[in-house]
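Only one structure is covered here, and it is reproduced in the block below.
Spelled out as structure tokens, the structure:
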């Protein structure tokens, strides 16, 4: 029984060392060269493809940043136009109504929970 187990262990050990030792020659991970091309030209082509992919990624990121900046600028312009319309509307009202509108606007500004940093600093500066 002991000899049979030792034979099995030796057999498995031989198989394991053969597979580990010859595995790289049997099936290489990377094809070193394509038919009709040298190994160096394949490596150069891979590096060129990697560079092109990197540049393409940078270009798409730049374009998305520009598009977001344009939408932000458009929103700022719309905000300025809306605020100028609101000011004109306020100027056209009767003085008593103007006073009430300004007070309610100040009260709404104080009670508004979500303000950005610039708005909070502006309120703090003019208190």
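Numbering (the working numbering), first residue to last: 674 to 800.
Positions of the beta carbon are idealized from the N, C-alpha and C atoms, including for glycine.
- When secondary structure is reduced to three states using DSSP, residue 709 falls in the coil class, being assigned neither helix nor strand.
- Under the three-state reduction of DSSP, residue 767 is assigned to coil, being neither helix nor strand.
- In this structure, DSSP gives residue 789 a state outside helix and strand, which the three-state scheme calls coil.
- A direct Cα-Cα distance of roughly 12 Å separates residue 735 from residue 727.
- Cβ-Cβ distances below 8 Å link residue 758 to nothing in the same chain once the five nearest sequence neighbours on each side are left out.
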